[in-house]
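Numbering (our numbering), first residue to last: -16 to 292.
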């Protein structure tokens, strides 16, 4: 019997990467490995194995996804009709199928290295103002800066939102030239219960979860409505990866989006309903937006809706 089978090795590699990423002493090593593409390589191996495992075990989430998209087939078709190119339409439909099967044969083309910024959809000019909702440790800020250099844009500003206290401290110490808020974003400016999860993925807790875990002590975070944040009023780009709060955050940015028509990179993978309600909402507000969908991992995660004029 093998002492270490392939699945265990992949799992060990992945968790080693996550430990390095989240340990203050090793963050620079993580950044180097990330630049070399090693993180993506390890994630691809691990995630592919996990997908194979789950494809033979129909989960509650998979059944719920199948049922949801079947019941909302007319709206799925409407979203498909709004997507600008065939690649986006195919990606969108394949990811809907994958969410209900975890069958790797359903996976679309995956763009591992072009998430958010380095796409063919966005055109950049000087004086870009990027609003990063869910900035985490600055991973998307790093890639944004690289994209600006590649596109020869040397004048830009960054406004970042990160509610986790420890990560926020790391963010501002390593990126002193950005404007950062220790807060989340939402439909209204208020305090919200917040659950801190290791390795990222912290999120605002909903009422059902509070009732289910009534004995759990929760921290509260400030949530800001983007329409009311002065620094965001000249936004030309908005990115959101906020663990399922994207729809509410968009509602809080309605005036800003209608006025500026910024480039948008919005994660729609956290909830099945976001596959439908987010593109329909954005189209309703700004019908002239061109909408695209790209997949950036070989899991149900990292499905991003892009919008640009």
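We put the beta carbon where it would ideally sit given N, CA and C, even for glycine.
In summary, residue 175 is buried, with 16 or more beta-carbon neighbours lying within 10 Å of its beta-carbon over all protein chains present.
Collapsing the DSSP output to three states places residue 291 in a strand. Annotation for residue 249: no alpha helix (DSSP H) segment contains it, though the beta strand (DSSP E) segment containing it runs 246 to 250. Residue 71 counts as buried, since no fewer than 16 other beta carbons sit within 10 angstroms of its beta carbon.
A distance below 8 Å between beta-carbons, with the five flanking residues on each side excluded, links residue 241 to the following residues of its chain, in chain order: 268, 269.
Per the C-alpha coordinates, the member of 282, 279, 224 positioned closest to residue 261 is 224. Annotation for residue 161: no alpha helix (DSSP H) segment contains it, and DSSP assigns it neither H nor E.
In this chain, residue 274 is not harboured by any alpha helix (DSSP H); it is covered by the beta strand (DSSP E) spanning 273 to 278. Residue 91 sits buried, since 16 or more C-beta atoms from the chains shown fall within 10 Å of its C-beta.
For the pair residue 113 and residue 85, the CB atoms are not nearer than the 8 Å cut-off. At least 8 Å separates the beta-carbon of residue 121 from that of residue 146. Looking at the DSSP output, residue 121 sits in no beta bridge, so it has no partner there.
Per DSSP, reduced to three states, the secondary structure at residue 135 is coil, with no helix or strand assignment. Counting other Cβ atoms within 10 Å of its Cβ, residue 46 stays below 16 and is therefore classed as exposed. Rounded to whole angstroms, residue 233 and residue 169 show a C-alpha spacing of 7 Å.
With respect to residue 275, residue 68 sits close: the two C-beta atoms are nearer than 8 Å.
Nearest to residue 130 by C-alpha distance, out of 105, 250, 118, 65, is 105. Taking C-alpha positions only, residue 126 is separated from residue 56 by approximately 36 Å. Per the coordinates, the alpha-carbon of residue 272 lies some 22 Å from the alpha-carbon of residue 228. Taking a C-beta distance under 8 Å as the contact criterion, residue 222 and residue 123 qualify as a contact pair.
Considering only 263, 257, 265, 250, the residue with the shortest C-alpha distance to residue 99 is 250.
With fewer than 16 other beta carbons inside 10 angstroms of its own, residue 43 counts as exposed. By the Cβ-count criterion, residue 12 is exposed, with fewer than 16 other Cβ atoms from all chains shown falling within 10 Å of its own Cβ.
In the DSSP assignment, the residues bridged to residue 144 are 116, 164.
In this structure residue 136 is not in contact with residue 102, their Cβ atoms being roughly 14 Å apart against a cut-off of 8 Å.
In summary, residue 150 is buried, with 16 or more beta-carbon neighbours lying within 10 Å of its beta-carbon over all protein chains present.
Non-local beta-carbon contacts of residue 246 in its own chain, meaning distances under 6 Å to residues more than five positions away in sequence, involve 105, 220, 291 in chain order.
Shown here, residue 177 sits in a strand according to DSSP, grouped into three states. The C-alpha of residue 88 is placed about 43 Å away from the C-alpha of residue 172.
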